[in-house]
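Colleague:
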Amino acid sequence: MDIYLENVSANNLIGPDDSGGEFFQTLGGQVQYKHPSDSKTWVVASSVDAFESAVQSLGKYNSEVSAAETEDEELICVRRFRERLVEANVPIEGSDSFWKAILDQCEWGHL
Numbered sequence: 210m211d212i213y214l215e216n217v218s219a220n221n222l223i224g225p226d227d228s229g230g231e232f233f234q235t236l237g238g239q240v241q242y243k244h245p246s247d248s249k250t251w252v253v254a255s256s257v258d259a260f261e262s263a264v265q266s267l268g269k270y271n272s273e274v275s276a277a278e279t280e281d282e283e284l285i286c287v288r289r290f291r292e293r294l295v296e297a298n299v300p301i302e303g304s305d306s307f308w309k310a311i312l313d314q315c316e317w318g319h320l
């Protein structure tokens with residue numbers, strides 16, 4: 210998954226992902242995610258800064274996991290990604306957490 214960061218626009222759009230979803234900033238400053246095929250609004254981060262840090266963590270994960278040669282190495286990459294998301298202070302638990310859904314996909318080998 211790739212996320213494309215842009216400057217916050219007049220409609221509070223932060224940027225799209227490569228699947229057609231969009232990240233946007235709420236009036237309270239939180240970052241949320243919405244995909245056209247899903248009626249759910251996902252909680253992403255408490256601020257744009259935390260979101261940007263999490264996106265950098267995703268980029269590092271993508272680079273590391275693509276170089277992994279074994280399943281054990283891939284699982285180490287997932288663990289590091291989880292740790293980086295905790296450091297970025299984004300929600301990684303809860304049924305409406307965007308990052309929990311991403312971590313689940315990583316653990317299942319889908320990302």
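Here the numbering used here = 1-based position in the sequence shown + 209. Even glycine gets a Cβ: it sits at the ideal position worked out from N, Cα and C.
1. In three-state DSSP terms, what is residue 302?
2. Taking the C-alpha atoms as reference points, what is the distance between residue 231 and residue 309?
3. For chain D, is any of its Cβ atoms less than 8 Å away from the one on residue 226?
4. Among 234, 235, 255, which residue has its Cα nearest to the Cα of residue 301?
5. Roughly how many angstroms separate the alpha carbons of residue 251 and residue 305, rounded to a whole number?
6. Between 229, 262, 257, which lies nearest to residue 290 when the distance is taken from Cα to Cα?
7. How about residue 257 and residue 234: are their beta carbons less than 8 Å apart?
8. Extract the residue ranges of the beta strand (DSSP E) inside the region 229-307, only unbroken runs of 3 or more that lie entirely within it.
Modeller: Considering the structure as presented:
1. For the purposes of this step, residue 302 is taken as the residue at position 93 of the sequence shown. DSSP places residue 302 in coil when its eight states are reduced to three.
2. Taking the sequence shown and counting its residues from 1, the one referred to as residue 231 is at position 22. Taking the sequence shown and counting its residues from 1, the one referred to as residue 309 is at position 100. Between residue 231 and residue 309, the C-alpha separation is close to 17 Å.
3. No chain D appears in this structure, which consists of one protein chain only.
4. Numbered from its first residue, the sequence shown carries residue 301 at position 92. When only C-alpha atoms are compared, the closest one is 255.
5. Taking the first residue of the sequence shown as 1, we reach residue 251 at position 42. Taking the first residue of the sequence shown as 1, we reach residue 305 at position 96. Distance between the alpha carbons of residue 251 and residue 305: 5 Å.
6. Here residue 290 corresponds to residue number 81 of the sequence shown, with the count starting at 1. Answer by Cα proximity: 262.
7. The residue you call residue 257 lines up with position 48 of the sequence shown. The residue you call residue 234 lines up with position 25 of the sequence shown. In terms of Cβ geometry, residue 257 and residue 234 form a close pair [threshold 8 Å].
8. Whole beta strand (DSSP E) segments, 3+ residues: 231-234, 240-243, 250-254.
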